[in-house]
Amino acid sequence: MNSTNMVKSIDILYEKAKKYTETSAELVALHAVDKTADVLSSLTSIMLIIIVVTLFTLFINVGLSLFIGSLLNAYYLGFFIVSGFYLVLAFVLYKFKDKLIKTPVANLIIAKLLKSKKSEIINQSNHEEA
1 MNSTNMVKSI DILYEKAKKY TETSAELVAL HAVDKTADVL SSLTSIMLII
51 IVVTLFTLFI NVGLSLFIGS LLNAYYLGFF IVSGFYLVLA FVLYKFKDKL
101 IKTPVANLII AKLLKSKKSE IINQSNHEEA
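Counting from 1, one number per residue, gives the positions in the sequence shown under the UniProt record's numbering.
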């Protein structure tokens, strides 16, 4: 093999390696965008549900406060009783925040981020068996 053929072969190899690197970088970026979109869409839908439940809870609590107030013949007492309940609930949530809030949210995000990785591993093992 003469030197011009060797130089051409090296140039071809270099171009292929360059294209492979660019394609790999694009693939990594697309995977990152896909995972980010999946996590954000999940969090957005959860936030929407939380907003609806919050509004529902707000109106139920106003009604409950008025009802308790009418039973006690003092509306302000109904609001104080319902507020006291939420104060106790806030202390309980603060006490168990890691177990009740932090861990489930972290697990949800991790599961969403690793979901595509798990399916890739399963697909690779299925292709290797065939």
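Cβ atoms here follow ideal geometry from the backbone N, Cα and C, with glycine treated the same way.
Owing to the predicted nature of the structure, the values given are computational and were not obtained by experimental measurement.
Please say whether residue j and residue i have beta carbons closer to each other than 8 Å?
{"i": "Leu-66", "j": "Tyr-75", "result": "yes"}
{"i": "Leu-93", "j": "Leu-100", "result": "yes"}
{"i": "Ile-109", "j": "Val-39", "result": "yes"}
{"i": "Gly-84", "j": "Gly-78", "result": "no"}
For the alpha helix (DSSP H) that contains residue i, what are its first and last residues?
{"i": "Ala-32", "result": "3-71"}
{"i": "Lys-102", "result": "Careful: Lys-102 lies outside any alpha helix (DSSP H) and carries neither H nor E."}
{"i": "Ala-90", "result": "75-95"}
Could you give the C-beta distance for residue i and residue j, rounded to a whole number, given that I count them as a contact under 8 Å?
{"i": "Leu-71", "j": "Val-82", "result": "With 8 Å as the limit, Leu-71 and Val-82 do not qualify as a contact, their Cβ atoms being about 13 Å apart."}
For the ligand NAD, I want to know if residue i counts as a neighbour, meaning its beta carbon is within less than 7 Å of at least one of the ligand's heavy atoms.
{"i": "Thr-23", "result": "Although the ligand NAD was asked about, the structure shown includes no ligands whatsoever."}
**Report entry** Given 8 Å, three or more beta-carbon pairs between the region 26-41 and the region 109-116
**Finding:** yes
Query raised in the report: Quick check: the region 38-57 against the region 100-114, are there 3 or more CB pairs under 8 Å?
Result: yes
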